[in-house]
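J.: The structure's right below; bear with me while I get my questions together.
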Amino acid sequence: MTHSPTLVWFRLDLRVCDNPALQAAAGRGAPVVPLFVLDDAEAGDRGFGGARRWWLHHSLAALAGSLRQRGLSLVLRRGRAAEILPEVARSTGAGAVYWNRCYEPWRIARDRALKRELAGDGLEVESFNAALLHEPWTVKTKAGGPFGVYSAFWRALQQRPVADPWPAPGPMTSVAGVAGDLLDDWGLLPRRPDWAGGLRETWTPGEASAQGRLDAFLEHGLEDYASERDRPDLDSTSRLSPHLHFGEIGPRQVWAAVQAFLERQDGRPRAAGSSAWKFLAELGWREFSHHLLYHHPTLPEAPLRAQFEAFPWSDDEGLFRAWCRGLTGYPIVDAGMRQLWHSGWLHNRLRMIVASFLVKDLLIPWQRGEAWFRDTLVDADLANNAASWQWVAGCGADAAPFFRIFNPVLQGEKFDPRGDYVRRWVPELARLPDRYLHKPWEAPESVLRPAGLRLGTDYPEPLVDHRRAREKALAAFEAIKQAPRPVQAPGAGDLDAT
Ligand code: FAD
């Protein structure tokens, strides 16, 4: 039994269940100082976007409540984590510092330096995996390198056993009198204007809510996931992404719950089993994105396929702003962008449609879309976001080929066949008959007038003609195809546990 306190540094692991750092602190048996540091500078301009700041506020409040039930008081500090951590460790006389690993390149660099410094001060420093099923440096090709293709990565992942999640620790002893900030003083919630009404309406951040969402999905959604997951008009996916991003629930917990679901399905129709595996395969994409970010730290900025450096992108601000505001004149694109703004989330099919439209119809660089998503999504995740944007833009690992360009009218007709989704988010089109809903510019005056719609006044004419935009994009792609084709060499392969 040791008495020097244990400092537990919370980051994107805002939960008490399946939290190995907290578990290790409980096991050490000394008083515990749980600490969260709001380090605005750590990520430069890639820090928390507006939507995630809102989420963070509520998630920290929920975490503080769960820790309080275990006898602990969450300490909040704002500033450079690299300075605050050693300071709190010294002022509390901590003998050990534990945290769960994050995989953003700047965090890896900062955490490695911190580990060296704290260990140099004589502290026991240990980090753990709470965010992934398997850590990126442990999943290797037969040749020992990182994977560049998802299907092979997923096959390899399925061969590996997933560790069981940890239960929540029992009561612990707190350290009294550790100075900290008040959450309300951090100003994470928007005030003037308060644009978070849609977020409040849509989400309840926190570990209990994450678990509730998983339970409800297993009960009501998982069985039909494979057949309905592509339909934005149905509430058919788990919506766990922000909870997973903030670590309010961990992938091992989700994995274990789905395995238990599969065991319960023994003898039932096979559809449920294949749905469950389809869902797990999406967790596999999450792992793959983290794998890519880890092995290609420039993933958020630079195309993995270097020839895209020469792509003749447009810098038309007007086009970009119209896309952001959901005013492109293509109903399915506008519905998606307005849902994103309102609720901080977007269905995967819509993410693909709006991203394809930005990059291939408007020829705006994918990095601008990535940045907009980073600011507006509650689940904005550097690995998933950057890898997915590169995938859509055709410049990433195992990406959709650039020449596969979504037709926004056909996408709308196929995935929102009754128009419920568009009518909800673009109410000015609500009275248009189904036949014209995804292409209002084809409707004759005799249809527009009774629907109360004046094109160009109530709703924009299309920003671009999709057929011509497609030809232009393909011509631009032809031009860069001649450029060299190397995929970036892995950059972080020697980094292991941080
Ligand atoms: P479900 O279908 O229920 O899937 C379960 C979980 O698997 C998700 O919560 C998520 O953690 C993971 N997942 C599902 N699909 C993917 C995927 N294609 N790639 C990686 N992980 C996946 N996801 C993010 O979490 N953060 C992002 O910033 C993000 N940006 C994206 C940007 C673009 C352009 C695109 C096309 C996709 C992006 N995604 C991102 C992936 C995906 O769209 C979301 O994870 C998914 O829509 C979240 O909804 P859900 O939780 O209901 O997913």
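In terms of the numbering used here, the sequence shown opens at residue 1 and continues consecutively.
Backbone N, C-alpha and C define an ideal beta-carbon position, used for all residues, glycine too.
The model shown is predicted, which means the values in this text are computed figures rather than measured ones.
Can you give me the Cβ contacts of Arg11 inside the same chain, cut-off strictly under 6 angstroms, excluding the 5 residues immediately before and after it?
T.: Counting from 1 along the sequence shown, the entry for residue 11 is found at position 11. Here the set comprises Cys102.
J.: Please identify the residue among Ile84, Tyr459 and Val162 whose C-alpha is closest to the C-alpha of Leu133.
T.: Position 133 of the sequence shown holds residue 133. The option with the nearest alpha carbon to Leu133 is Val162.
J.: Would you call the segment 238 to 251 and the segment 195 to 215 touching, i.e. three or more CB-CB distances under 8 angstroms?
T.: Yes, they touch.
J.: Distance check for Pro251 and Gly120, CA to CA, integer angstroms please.
T.: Against the sequence shown, residue 120 aligns to sequence position 120. Against the sequence shown, residue 251 aligns to sequence position 251. The alpha-carbon atoms of Gly120 and Pro251 are separated by roughly 33 angstroms.
J.: From which residue to which residue does the beta strand (DSSP E) around Asn100 run?
T.: Counted from its first residue, the sequence shown places residue 100 at position 100. Segment Ala96 to Asn100, the beta strand (DSSP E) holding Asn100.
J.: Do you know offhand how far Arg424's Cα is from Ile364's?
T.: Position 424 of the sequence shown, counted from the first residue, corresponds to residue 424. Position 364 of the sequence shown, counted from the first residue, corresponds to residue 364. Taking the straight line from one Cα to the other gives about 27 angstroms.
J.: Pick helix, strand or coil for Arg112, following the three-state DSSP scheme.
T.: Walking along the sequence shown from the start, residue 112 turns up at place 112. Three-state DSSP puts Arg112 in a helix.
J.: Whole angstroms are fine: how far does the CA of Val378 sit from the CA of Phe279?
T.: In the sequence shown, counting from the first residue as 1, residue 279 sits at position 279. In the sequence shown, counting from the first residue as 1, residue 378 sits at position 378. Rounded to whole angstroms, Phe279 to Val378 spans 21 angstroms at the Cα level.
J.: May I ask you to list the residues that DSSP assigns as paired with Pro34?
T.: As a first step, residue 34 is located in the sequence shown; it is residue number 34 there, counting from the start. In DSSP, Pro34 forms a bridge with Val8.
J.: On a CA-only basis, which of Pro297, Glu287 and Glu223 is nearest Phe261? Give me that one, please.
T.: As a first step, residue 261 is located in the sequence shown; it is residue number 261 there, counting from the start. Of Pro297, Glu287 and Glu223, the residue nearest in Cα terms is Glu223.
J.: Check this for me: beta carbons of Leu382 and Leu293, under 9 angstroms apart or not?
T.: Here residue 382 is taken as the residue at index 382 of the sequence shown, counted from 1. Here residue 293 is taken as the residue at index 293 of the sequence shown, counted from 1. Cβ atoms of Leu382 and Leu293: closer than 9 angstroms.
J.: Any idea if Ala399 is buried or exposed, counting beta-carbon neighbours within 10 angstroms, 16 or more meaning buried?
T.: Taking the sequence shown and counting its residues from 1, one reaches residue 399 at position 399. Ala399 is buried by the Cβ-count criterion.
J.: Would you say Leu76 and Leu14 are within 9 angstroms of each other, going by their C-beta atoms?
T.: What you label residue 76 is simply residue 76 of the sequence shown in a count that begins at 1. What you label residue 14 is simply residue 14 of the sequence shown in a count that begins at 1. Result no, Cβ atoms of Leu76 and Leu14 do not sit closer than 9 angstroms.
J.: Check for me: the beta strand (DSSP E) holding Ser127 runs from which residue to which?
T.: Here residue 127 refers to the residue found at position 127 when the sequence shown is read from its first residue. Residues Glu124 to Phe128.
J.: With 16 other CB atoms within 10 Å as the buried threshold, where does Pro165 fall?
T.: By 1-based counting over the sequence shown, the position of residue 165 is 165. Looking at its Cβ environment, which holds 16 or more other Cβ atoms inside 10 Å, Pro165 is buried.
J.: Can you list, in chain order, the residues of its chain with a C-beta nearer than 7 angstroms to that of Gly396? Leave out the 5 residues immediately preceding and following it.
T.: Locating residue 396 in the sequence shown gives position 396, counting from the first residue. Cβ within range, chain order: Leu304, Ala387 and Gln390.
J.: Would you kindly report the start and end of the unbroken alpha helix (DSSP H) that includes Leu56?
T.: Reading the sequence shown from its first residue, position 56 is the one you call residue 56. Counting along the chain, the alpha helix (DSSP H) containing Leu56 begins and ends at Gly50 to Gln69.
J.: Enumerate in chain order the residues of its own chain whose CB-to-CB distance from Tyr436 is below 7 angstroms, with the five nearest sequence positions on each side excluded.
T.: In the sequence shown, the residue the question calls residue 436 occupies position 436. Counting only Cβ-Cβ distances below 7 angstroms, and skipping sequence neighbours, we find Glu442, Ala443 and Val447.
J.: According to the neighbour-count rule (16 or more other Cβ atoms, all chains shown, within 10 Å of its Cβ), is Pro105 buried or exposed?
T.: Locating residue 105 in the sequence shown gives position 105, where the first residue counts as 1. Buried: at least 16 other Cβ atoms inside 10 Å.
J.: Would you mind working out which of Val88, Ala176 and Pro169 sits nearest Leu7, comparing C-alpha positions?
T.: Position 7 of the sequence shown, counted from the start, is the residue given in the question as residue 7. Of Val88, Ala176 and Pro169, the residue nearest in Cα terms is Val88.
J.: Out of Arg470, Leu157, Arg321 and Ile108, which has the shortest C-alpha to C-alpha gap to Gly372?
T.: Along the sequence shown, read from residue 1 onward, the residue named residue 372 stands at position 372. Inspection of the sequence shows that residue 372 is occupied by Trp rather than by Gly. Residue Arg321 is the option with its Cα nearest to Trp372.
J.: Who are the near neighbours of Pro408 in its chain, counting only those whose CB is closer than 7 angstroms to its CB and skipping five residues on each side?
T.: Working through the sequence shown from its first residue, we reach residue 408 at position 408. Closer than 7 angstroms at the Cβ level, and outside the excluded window around Pro408, lie Tyr330, Ile332, Val333, Ile353, Phe357 and His466.
J.: Along the chain, where does the alpha helix (DSSP H) containing Val75 start, and where does it finish?
T.: Locating residue 75 in the sequence shown gives position 75, where the first residue counts as 1. No alpha helix (DSSP H) contains Val75, which is instead part of the beta strand (DSSP E) from Val75 to Arg78.
J.: Considering just the uninterrupted stretch of the alpha helix (DSSP H) at Val464, what are its terminal residues?
T.: Here residue 464 refers to the residue found at position 464 of the sequence shown. Where Val464 is concerned, there is no enclosing alpha helix (DSSP H), given that its DSSP letter is neither H nor E.
J.: Note down, in chain order, each residue of its chain lying with its Cβ closer than 7 angstroms to the Cβ of Asp181, except the 5 sequence neighbours on either side.
T.: Residue mapping note: residue 181 aligns to position 181 of the sequence shown, counting from 1. Around Asp181: Leu76, Arg77 and Arg78.
J.: So, for Met172: in the same chain, excluding its five sequence neighbours on each side, which residues have a beta-carbon less than 6 angstroms away from its beta-carbon?
T.: Here the question's residue 172 lines up with position 172 in the sequence shown. Ala26, Val32, Arg70, Gly71 and Leu72.
J.: How is the alpha helix (DSSP H) around His342 delimited, first residue to last?
T.: Residue mapping note: residue 342 aligns to position 342 of the sequence shown, counting from 1. Note, His342: alpha helix (DSSP H), Pro331 to Ser343.
J.: If you drop the 5 nearest sequence neighbours on each side, which residues of the same chain put their C-beta closer than 6 angstroms to that of Ile480?
T.: Numbered from 1 along the sequence shown, position 480 holds the residue referred to as residue 480. Same-chain partners within the cutoff: Gln307, Ala310 and Phe311.
J.: Just to check, is the beta-carbon of Arg404 closer than 8 angstroms to a non-hydrogen atom of ligand 1?
T.: For the purposes of this step, residue 404 is identified with residue 404 of the sequence shown, where counting begins at 1. False, no ligand heavy atom lies under 8 angstroms from that Cβ.
J.: According to DSSP, Ser174 sits in a beta bridge with which residue or residues?
T.: Your numbering for residue 174 matches position 174 in the sequence shown. Beta-bridge pairing links Ser174 to Val32.
J.: Nearest to Gly187 by CA position, among Glu370, Arg52 and Leu340, is which residue?
T.: Counting from 1 along the sequence shown, the entry for residue 187 is found at position 187. Gly187 has its Cα closest to that of Arg52, out of Glu370, Arg52 and Leu340.
J.: Between Trp391 and ligand 1, is the CB less than 8 angstroms from at least one heavy atom?
T.: Working through the sequence shown from its first residue, we reach residue 391 at position 391. Yes, Cβ of Trp391 sits closer than 8 angstroms to a heavy atom of ligand 1.
J.: With DSSP as the reference, label Arg15 as helix, strand or coil.
T.: One-based indexing of the sequence shown puts residue 15 at position 15. The answer is coil: DSSP assigns Arg15 none of H, G, I, E or B.
J.: Where in the segment 129 to 203 do unbroken runs of the alpha helix (DSSP H), each at least 4 residues long, occur, reported from the N-terminal end onward?
T.: The qualifying runs are 150 to 158 and 197 to 202.
J.: Please go through the same chain and pick out, in chain order, the residues whose beta-carbon is closer than 6 angstroms to the beta-carbon of Pro5, but skip the five residues on each side of it.
T.: What you label residue 5 is simply residue 5 of the sequence shown in a count that begins at 1. Ala30, Pro31, Val33, Thr92, Ala94 and Val175.
J.: Would you say the beta carbon of Ser503 is closer than 8 angstroms to some non-hydrogen atom of ligand 1?
T.: Lying outside 1 to 498, the shown extent of the chain, residue 503 is not represented and no answer is given.
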